[in-house]
Amino acid sequence: MSLPATNITCNACHYSGSTGVAFGLFKYQTPCGNITLPRDLGWCNTCKSVAAIEDTDQAARYESLKDDISGLASDLAEEIEKAKRSRPLLRRLFSKQKPDNDEIRLIRASLACLNEELANPSVLASYLRSERGAKCLSCGSSEVFIFPQIPAGIDSFYSEERTPEAIGIKHPGCGGELYATTSELRLNIRLTEKRYSLDGERIS
Ligand SMILES: [Zn+2]
Ligand SMILES: [Zn+2]
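Quick note: the sequence shown uses the numbering used here, first residue 210, plus one each step.
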């Protein structure tokens with residue numbers, strides 16, 4: 210998969226970063242299985258760069274959990290269909306036995322666990338209540354802030370123009386203005402999963 214990224218540059222120094230840092234698959238590892246890690250683009254004072262930052266907004270976290278749950282529900286339905294189709298025809302017609310295998314049991318357990326957390330949070334309670342500050346997903350530092358929305362008016366990837374638009378943020382430690390420009394390159398996204406603990410520490 211390749212996506213156009215946005216370059217972030219400074220008008221007072223040679224700093225250059227890319228929104229591509231937030232591309233890819235980010236997950237939290239939880240006792241209920243892996244869940245999507247909601248994130249934003251921001252600045253990390255330790256990396257001294259644009260970075261992917263945890264989104265600590267409670268509504269965003271609940272929404273993301275609900276999306277994961279409906280994703281798992283359709284995965285479960287799909288696995289059950291697959292298991293049914295793999296049965297010999299006569300057994301398919303006459304067996305009252307429900308399809309069951311390791312994959313189905315795993316998804317079912319994760320789904321039950323996440324539904325329970327949604328209704329009555331326990332292992333995800335401090336995560337859903339946003340009890341700590343956001344961390345940088347590159348280095349784990351809490352010296353971070355979230356960027357405002359990248360201006361919607363920047364040139365499309367297919368445009369001939371590359372006009373820098375101010376994003377309304379001063380380059381920390383430098384004081385220059387940060388600008389957004391559509392990248393000339395599409396980034397190839399390796400769909401490797403980055404996994405984090407609920408404390409925001411990188412696991413793998
Ligand atoms: Zn600068
Ligand atoms: Zn960092």
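The beta carbon of each residue, even a glycine, is placed where N, CA and C say it ideally should be. For clarity, every value in this text was computed on a predicted model and none was experimentally measured.
{"Query": "Who are the Cβ neighbours of Tyr-336 in its own chain at under 6 Å, not counting the five residues just before and after it?", "Result": "Leu-407"}
{"Query": "Ligand 2 heavy atoms versus the CB of Thr-255: any closer than 8 Å?", "Result": "yes"}
{"Query": "By how many angstroms is the C-alpha of Ile-244 removed from the C-alpha of Arg-317?", "Result": "15 Å"}
{"Query": "Out of Gly-349, Asp-264, Cys-219, Gln-358, which has the shortest C-alpha to C-alpha gap to Thr-255?", "Result": "Gly-349"}
{"Query": "To the nearest angstrom, how far is it from the Cα of Leu-346 to the Cα of Phe-235?", "Result": "9 Å"}
{"Query": "Please confirm whether any heavy atom of ligand 2 lies closer than 8 Å to the CB of Cys-383.", "Result": "no"}
{"Query": "Would Glu-386 and Ala-221 be called neighbours here (beta carbons separated by less than 9 Å)?", "Result": "yes"}
{"Query": "Where does Val-353 sit, in a helix, a strand or coil, going by DSSP?", "Result": "strand"}
{"Query": "Please report how far the alpha carbon of Ser-392 lies from the alpha carbon of Asn-324, in whole angstroms.", "Result": "41 Å"}
{"Query": "Throw me the rounded Cβ distance for the Phe-366 and Pro-247 pair, which I believe falls under 8 Å.", "Result": "That pair is no contact at about 25 Å."}
{"Query": "Nearest by alpha-carbon distance to Gly-229: which of Asn-216, Tyr-237, Pro-240, Thr-239 is it?", "Result": "Asn-216"}
{"Query": "In the DSSP output, what is Arg-300 paired with across the bridge?", "Result": "DSSP, once it has assigned bridges, lists no residue as partnering Arg-300."}
{"Query": "Tell me Thr-245's beta-bridge partners as DSSP assigns them.", "Result": "Lys-236"}
{"Query": "Can you tell me which of Pro-297, Leu-302, Leu-250 puts its alpha carbon nearest to the alpha carbon of Gln-358?", "Result": "Leu-250"}
{"Query": "Out of curiosity, what's the CA-to-CA distance linking Leu-281 and Cys-219?", "Result": "42 Å"}
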